[in-house]
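> Numbered per my numbering, the sequence shown spans residues 2 to 149. Where is the CB? At the ideal position from N, CA and C, for every residue including glycine.
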Amino acid sequence: MSMDLHDAVAAALAAQGVRYTSHRRTLVTALRDAGQPLTIPQLVAAASTVPQSSVYRNLAIFEAAGVVHRMPGPDDFGRYELAEHLMGHHHHLVCSRCGVVEDVVLPPAVEQELDRALERVARTRGFALNSHRLDLVGDCTNCDPRGA
């Protein structure tokens, strides 16, 4: 998967006339290995050999090329993850207290049922549904006042 991912990113960047440098490869690897969307400070820590200014610059390039998706967090920090076409369809658990965001993949049967329900909702509104994103918002185990 690693080589296929890097080949796909290189192709997306090349289509924009941008080279796939070692710093960009390091950032993609850090995003892949994180298993969850990262804030810029988290990405800087995960890709410690890449200067912070380069992280900002490259995230803008990645967004323009469709390599990363920026999702707003419940706090003031945006979070970045590799685009779904590179990593697969998934949803997010979002803690409304501390802001942690975790990826979650639904079982195929649940995903199919969700797709059907969302398609019905879209159709009743005259909307042509292409895809969906689902964020489940609540309290993580560290923040849940019930100690769950």
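For the beta strand (DSSP E) that residue 81 lies in, which residues bound it at each end?
79-83
> Using three-state DSSP, classify residue 73 as helix, strand or coil.
Residue state, collapsed to three classes: strand.
> Nearer than 6 Å: is that true of the beta carbon of residue 18 relative to any heavy atom of the ligand ADP?
No copy of the ligand ADP appears in this structure; indeed no ligand is present at all.
> In the DSSP assignment, the alpha helix (DSSP H) including residue 104 goes from what residue to what residue?
First-last for residue 104: 102-105, but that is the beta strand (DSSP E), not the alpha helix (DSSP H).
> Put residue 3 into one of helix, strand or coil per three-state DSSP.
In this predicted model, residue 3 has a pLDDT of only 49, less than 50, meaning its place in the structure is not dependable enough to derive any value.
> Rounding to the nearest angstrom, what Cα-Cα distance links residue 172 and residue 136 in this structure?
The requested residue 172 does not occur in the structure, where the chain is confined to residues 2 to 149.
> Using beta-carbon positions only, say whether residue 105 and residue 68 come within less than 7 Å of one another.
no
> Output the distance between the C-alpha atoms of residue 5 and residue 12, rounded to the nearest integer angstrom.
10 Å
> Which class does residue 145 belong to by DSSP, given the choice of helix, strand or coil?
coil
> Indicate the three-state DSSP secondary structure (helix, strand or coil) for residue 39 in the structure shown.
DSSP places residue 39 in strand when its eight states are reduced to three.
> Would you list the residues sitting across from residue 139 in a DSSP beta bridge?
96
> So the alpha helix (DSSP H) residue 58 belongs to, where does it begin and stop?
53-66
> Can you tell me the Cβ-Cβ gap for residue 32 and residue 66, rounded? I've got them flagged as a contact below 8 Å.
Their Cβ separation, rounded to whole angstroms, is 14 Å, which puts residue 32 and residue 66 out of contact at 8 Å.
> For residue 22, name the three-state secondary structure that DSSP assigns.
coil
> Taking the alpha carbon of residue 36 as the point to measure from, which residue in 131, 103 and 145 has its own alpha carbon closest?
103
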